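Notes follow the structure.
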Amino acid sequence: MTRTGGRHQISSRTKIASIGAAVAIAAGAVVVVTTTGNDQASADGVDISQFVDITTVQPNVKQVKKQQNASKGTFTVNCGLNENGHFNGDNFIAAPGVENGAEHLHDYVGNLSTNANSTNESLQAAGTTCKNGDKSTYFWPVIRIDTADEEEENKVDAAAKQAQDQQKAADADAKSKKKPQLVCPDVVSKLDEVPEEAQADVDQALEEVDKVTDEAEQKLEAEGTAQVDAAIINPLLEKRKAILDRMTLALGRPGRQPIDFGALSRCSVKNPGQPSPIGDGSENGDTPPVEAPGGEPDDNNELPGNDGEVQRPLSAELTFRGSPVGKVTAMPKFLRILYGDAKVSINGTKNTRDSWTCSGFEDKVQIAKYVICPEGSKVKRIHDFPSCWDGKNTDSANHRTHIVFPDPATGKCADGFKAVPQLRTTLTYDIPRDIQLKGQYKVDSFPFESHNPLSDHDDFANVMSQRIMSRLVNCVNKGKTCKE
Numbered sequence: 001m002t003r004t005g006g007r008h009q010i011s012s013r014t015k016i017a018s019i020g021a022a023v024a025i026a027a028g029a030v031v032v033v034t035t036t037g038n039d040q041a042s043a044d045g046v047d048i049s050q051f052v053d054i055t056t057v058q059p060n061v062k063q064v065k066k067q068q069n070a071s072k073g074t075f076t077v078n079c080g081l082n083e084n085g086h087f088n089g090d091n092f093i094a095a096p097g098v099e100n101g102a103e104h105l106h107d108y109v110g111n112l113s114t115n116a117n118s119t120n121e122s123l124q125a126a127g128t129t130c131k132n133g134d135k136s137t138y139f140w141p142v143i144r145i146d147t148a149d150e151e152e153e154n155k156v157d158a159a160a161k162q163a164q165d166q167q168k169a170a171d172a173d174a175k176s177k178k179k180p181q182l183v184c185p186d187v188v189s190k191l192d193e194v195p196e197e198a199q200a201d202v203d204q205a206l207e208e209v210d211k212v213t214d215e216a217e218q219k220l221e222a223e224g225t226a227q228v229d230a231a232i233i234n235p236l237l238e239k240r241k242a243i244l245d246r247m248t249l250a251l252g253r254p255g256r257q258p259i260d261f262g263a264l265s266r267c268s269v270k271n272p273g274q275p276s277p278i279g280d281g282s283e284n285g286d287t288p289p290v291e292a293p294g295g296e297p298d299d300n301n302e303l304p305g306n307d308g309e310v311q312r313p314l315s316a317e318l319t320f321r322g323s324p325v326g327k328v329t330a331m332p333k334f335l336r337i338l339y340g341d342a343k344v345s346i347n348g349t350k351n352t353r354d355s356w357t358c359s360g361f362e363d364k365v366q367i368a369k370y371v372i373c374p375e376g377s378k379v380k381r382i383h384d385f386p387s388c389w390d391g392k393n394t395d396s397a398n399h400r401t402h403i404v405f406p407d408p409a410t411g412k413c414a415d416g417f418k419a420v421p422q423l424r425t426t427l428t429y430d431i432p433r434d435i436q437l438k439g440q441y442k443v444d445s446f447p448f449e450s451h452n453p454l455s456d457h458d459d460f461a462n463v464m465s466q467r468i469m470s471r472l473v474n475c476v477n478k479g480k481t482c483k484e
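Residue numbers (full-length UniProt numbering): 1 to 484.
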């Protein structure tokens with residue numbers, strides 16, 4: 001059964017002692033009950049040695065010096081704080097088709113439909129929490145407070161609504177997999193730097209490309225594949241070609257196209273069950289669902305070892321930044337990117353990152369352990385994604401080799417790679433200081449990771465329209481500060 005939401009406030013091991021205690025918690029007081037004889041009880045599976053007072057850590061954040069041609073702008077997307085309660089234990093990038101394949105709970109903003117069975121098509125068809133219409137999906141493991149030994153659980157039965165939501169999502173997934181899909185080349189990621197005077201015309205052209213492509217997709221859905229070339233593909237080819245020809249003129253390069261716009265005009269139809277090349281990224285949707293390795297989750301979509309009260313961030317800032325050594329190019333649509341490694345005990349630390357810091361220390365200290373912050377300072381997770389793209393693929397077999405980090409010393413991408421906007425996700429939490437001191441907050445993880453703070457990770461799939469991506473690149477390359 002597909003899951004996109006559910007109740008995640010109180011788990012089977014986090015219990016409220018009384019109505020009075022619940023009122024106290026709602027008012028901002030935190031009731032902590034520790035084990036007998038130990039006033040430093042830690043959260044389940046997390047050793048107190050994993051918590052570090054940040055004021056005892058020497059500054060370790062190093063910035064690459066920006067060169068004269070650096071792209072210094074920022075583009076911030078407001079996608080909310082998951083107010084709609086979109087949680088599940090899925091990961092369609094790393095474990096496509098595997099329900100609860102992550103064995104821990106993810107917090108989602110952006111795309112409203114993300115689950116184990118997500119495909120390019122289902123993501124494109126869904127709504128979004130982002131105010132500017134960005135349909136990209138942003139998700140990370142939740143943070144919980146687990147005091148472990150409190151009294152009776154306050155149960156609220158949301159099973160009927162949850163089952164309804166699950167069935168609706170499952171029906172939509174099944175319907176999507178039975179339909180032929182239109183596959184069109186990405187345009188915006190192939191553009192050279194757009195001159196300021198041409199930006200408005202290019203943005204308009206990209207919007208028109210999206211519009212005529214969406215119209216053809218709707219026609220394909222309504223009419224099927226009968227005479228598909230004559231009825232859909234050829235007319236779409238002419239429309240896209242005409243729009244891209246106008247874009248060439250706007251760029252001031254008639255007769256000397258920077259890219260093969262003719263090739264970008266032609267789309268094709270992918271029939272149900274037909275595999276796609278790895279560069280497309282849509283092959284994820286062809287994997288049949290299988291049972292989660294850890295068994296079925298409970299009514300809260302939780303498994304043993306991942307329990308406690310889920311903490312909603314005070315803020316979730318999604319900011320795209322430039323390169324310290326030059327301009328950036330657009331990300332292709334449906335590009336998948338991973339940050340960190342959820343399986344550090346198996347894979348080692350090659351792909352792990354130091355995520356943890358406190359407000360006021362962001363530019364000085366980031367560490368691999370949970371932080372204990374000074375009074376008045378907030379717990380923060382900072383996730384800087386890889387930003388050197390191979391220029392071809394939206395995904396790769398290990399979900400990493402198609403997009404990698406720049407050189408940490410120089411900020412340059414390796415030969416054959418090009419800089420794209422770097423996503424920085426900054427999550428800020430109001431974790432009471434006594435909870436920090438007692439080691440009672442934790443990140444959800446695979447059970448065998450025992451909430452290791454180094455297993456923190458983050459996932460992103462780009463589903464921005466070409467016009468939004470063009471605005472993003474223009475903002476970053478022109479040194480602007482944009483917020484949408």
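Every residue gets a Cβ at the ideal spot worked out from N, C-alpha and C, and that includes glycine. Predicted model, so just to flag it, every value in this text is computed and none were measured.
Rounded to whole angstroms, residue 264 and residue 234 show a C-alpha spacing of 13 Å. In this structure residue 371 touches residue 357 by the C-beta definition: roughly 6 Å separates them, less than 8 Å.
Cβ contact annotation for residue 339 (same chain, cutoff 7 Å, sequence separation greater than five): 353, 383, 385, 457 and 458, in chain order. For residue 423, there is no enclosing alpha helix (DSSP H); the enclosing beta strand (DSSP E) covers residues 422-429. If you check the CB distance, residue 330 and residue 473 come in under 8 Å.
Two segments are said to touch when three or more pairs of C-beta atoms, one from each, lie closer than 8 Å; by this definition the segment 58-65 does not touch the segment 99-110.
Put simply, the segment 116-132 does not touch the segment 407-422. Fewer than three CB pairs are less than 8 Å apart. Between residue 477 and residue 73, the gap from beta carbon to beta carbon is short of 8 Å. Going by C-alpha positions, residue 102 is about 13 Å away from residue 451.
Per DSSP, reduced to three states, the secondary structure at residue 241 is helical.
Here residue 378 is not near residue 410, since their CB atoms are 8 Å or more apart. When DSSP states are grouped into helix, strand and coil, residue 476 belongs to the helix group. Cβ-Cβ separation between residue 132 and residue 468: approximately 6 Å, consistent with a contact (criterion under 8 Å). Apart from the 5 residues on each side of it in sequence, residue 431 sits with its Cβ closer than 6 Å to the Cβ of 379 and 441 in its chain, given in chain order. Under the three-state reduction of DSSP, residue 416 is assigned to coil, being neither helix nor strand. The C-alpha of residue 393 lies about 45 Å from the C-alpha of residue 438. Under the criterion of beta carbons closer than 8 Å, residue 189 and residue 332 qualify as touching, at roughly 4 Å. Secondary structure of residue 338 (DSSP, three-state): strand. Less than 8 Å separates the beta-carbon of residue 202 from that of residue 470. In its chain, beyond the 5 residues on either side, 372 have a beta carbon closer than 7 Å to the beta carbon of residue 53. Using a 10 angstroms sphere on the CB of residue 272, the tally of other CB atoms stays under 16, which defines it as exposed.
The straight-line gap separating the alpha-carbon atoms of residue 129 and residue 80 is approximately 6 Å. Around the beta carbon of residue 192, fewer than 16 other beta carbons sit within 10 angstroms, so the residue counts as exposed. Apart from sequence neighbours up to five positions away, the residues of its chain that approach residue 208 with a beta-carbon distance below 6 Å are 243, ordered along the chain. The Cβ neighbour count for residue 449, taken over all protein chains shown within 10 Å, is at least 16; the residue is labelled buried. According to the DSSP assignment, residue 343 belongs to no alpha helix (DSSP H), since it is labelled neither H nor E. Separation of the CB atoms of residue 252 and residue 200 is rounded to 14 Å, and the pair is thereby denied contact status at 8 Å.
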